[in-house]
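Some notes on the structure that comes next.
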Amino acid sequence: MPWIQLTLSSSEAHAPQVGDMLMANSAQAVTYRDGADTPIFEPPIGEVLLWQHTLVTGLFDAETDIKAVVANLEKARILTTPLQYKVDPLEDKDWEREWMDNFHPIQFGQRLWICPSWRDIPEPDAVNILLDPGMAFGTGTHPTTAMCLRWLDANPPTDATVVDFGCGSGILGIAALKLGAKHALGIDIDRQALIATKDNAERNQVAAGFDVFLPSEQPDQQADLVIANVLAGPLRELSEVILNYVAPGGQLVLSGILQRQADSVMQAYQPEIEFEPVTNDGDWVMLAGTRRA
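Residue numbering for the sequence shown follows my numbering, starting at 9 and increasing by one per position.
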């Protein structure tokens, strides 16, 4: 059925109240967007940050009296009056199909592809990973994951043991196994991520070589390659934990790092790790190095 979008301009302080008011006036969903150009890359753990200028959008049934909704918001005096708002009709679509159409097979490096299950595999003889967008992070579309995948393609971990620290969807561990690793260990704080990793490993026929654990259950072992694609804060705070997984002479790949955070992350792992030149993709960087024997 058709819908109407009501979008209002708000400050960061008032945006949650505006969202609550929209829901109280029968909005089916509420979204928050940056109203300027002030991206938030890494909020503190446990906090949800909004923008200084936030656009709050409510989605309503097309039959909704939007003028009455606006009048109720004006009465609440949450925002300055007259309200700054915009009303847009939203055509009826097959939203599941629309969502699926946005995902295509993506190539990383020379021979590694990530393919949604509903798309044809473009190169059957390549190293193809079947992976659908889901609840766990990691489809290859984000630069932090893409850099790790390109690194794996250029440095295939043949016969290596691999730790995928913060495994999310399991994409990096699966890629390592498909590129020749003999065993992968996935670690994540989210049980849903562990379920997603096992499901994706089974879909790609590498489940027998991919074990997953919560941090409290993680085994005490070292690996030839450790990949941690999380965020700069956890990478610094958990440097000792992550280093304990890297065998002497083993390789370490760190991602989820902004350019301005690279030096502080490297410092947390030196002198144990001898880092290679930094890899960049937009605002993000990847660090790769070898543990000194």
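Just so you know, even glycine gets a beta-carbon here, dropped at the ideal spot from N, CA and C.
Secondary structure of residue i, DSSP reduced to three states
i, result
"isoleucine 195", "strand"
"serine 247", "helix"
"serine 18", "strand"
"threonine 153", "helix"
"proline 242", "helix"
"aspartate 28", "helix"
"aspartate 172", "strand"
"tryptophan 121", "strand"
"alanine 184", "helix"
"asparagine 163", "coil"
"glutamine 200", "helix"
"alanine 270", "helix"
"leucine 98", "strand"
"isoleucine 129", "coil"
"leucine 81", "helix"
"proline 137", "Correcting the residue identity first, residue 137 is isoleucine in this sequence and not proline. In this structure, isoleucine 137 counts as strand in the three-state DSSP scheme."
"isoleucine 86", "coil"
"glutamine 226", "coil"
"aspartate 73", "coil"
"alanine 215", "helix"
"alanine 209", "helix"
"alanine 276", "helix"
CB-CB length for residue i against residue j, believed under 8 Å
i, j, result
"asparagine 237", "cysteine 123", "At roughly 20 Å, the Cβ-Cβ gap does not stay under 8 Å, so asparagine 237 and cysteine 123 are not in contact."
"leucine 233", "valine 273", "Not confirmed; about 18 Å, so no contact."
"valine 220", "leucine 202", "4 Å"
"valine 171", "isoleucine 195", "7 Å"
"isoleucine 129", "glycine 148", "So it is not a contact: roughly 15 Å between Cβ atoms."
"aspartate 15", "lysine 94", "For the sequence presented, residue 15 should be read as threonine rather than aspartate. Right, their Cβ atoms sit about 5 Å apart."
"aspartate 161", "glycine 117", "3 Å"
"leucine 222", "isoleucine 250", "Not really, about 16 Å apart at Cβ, beyond 8 Å."
"threonine 205", "serine 177", "7 Å"
"aspartate 289", "proline 151", "4 Å"
"asparagine 80", "leucine 139", "Actually they do not touch by this definition, with Cβ atoms about 44 Å apart."
"glutamine 269", "alanine 240", "4 Å"
"threonine 72", "glutamine 13", "Not a contact, Cβ separation roughly 11 Å."
Below-8 Å beta-carbon distance, residue i vs any chain C residue
i, result
"threonine 15", "In the displayed structure, chain C is absent; only one protein chain is listed."
Residues that DSSP places opposite residue i in a beta bridge
i, result
"tyrosine 253", "None, per the DSSP bridge assignment."
"threonine 298", "Gln259 and Glu282"
"glycine 66", "Leu14 and Val38"
"isoleucine 265", "Val293"
"histidine 61", "Ser19"
"valine 220", "Gly194"
"threonine 287", "Met294"
"alanine 236", "Phe173 and Leu262"
"alanine 231", "Val254"
"phenylalanine 116", "Leu120"
"tyrosine 93", "Leu16"
Proximal residues to residue i (C-beta, below 7 Å), its chain only, five neighbours per side dropped
i, result
"glutamate 284", "Ala296 and Gly297"
"valine 214", "Ile182, Leu185 and Lys186"
"isoleucine 86", "His22, Gln25, Val26 and Met29"
"glutamate 280", "Leu251, Arg299 and Arg300"
"serine 18", "Val26, Thr62, Val64 and Leu87"
"glutamine 226", "Ile195"
"proline 141", "Phe111 and Thr147"
"asparagine 212", "Ile137, Leu138, Ile182 and Lys186"
Cβ shell of residue i (< 8 Å), same chain only, five flanking positions each side left out
i, result
"tryptophan 159", "Val261, Thr287, Met294 and Ala296"
"alanine 301", "Pro256 and Gly257"
"tryptophan 11", "Gln36, Leu67, Phe68, Asp69, Ala70, Pro97, Leu98 and Asp100"
"lysine 190", "Asp167, Ala168, Thr169 and Gly217"
"alanine 276", "Leu243, Arg244 and Ser247"
"valine 78", "Leu14, Leu91 and Tyr93"
Other residues of its chain near residue i: CB distance less than 6 Å, five sequence neighbours each side excluded
i, result
"glutamine 36", "Leu67"
"arginine 127", "Pro113"
"leucine 121", "In the sequence as presented, leucine is not what sits at residue 121; that position holds tryptophan. Around tryptophan 121: Pro113, Gln115, Ala134 and Asn136."
"arginine 119", "Ala134 and Val135"
Do the segment 25-35 and the segment 111-123 meet, that is, are 3 or more Cβ pairs less than 8 Å apart?
-> no
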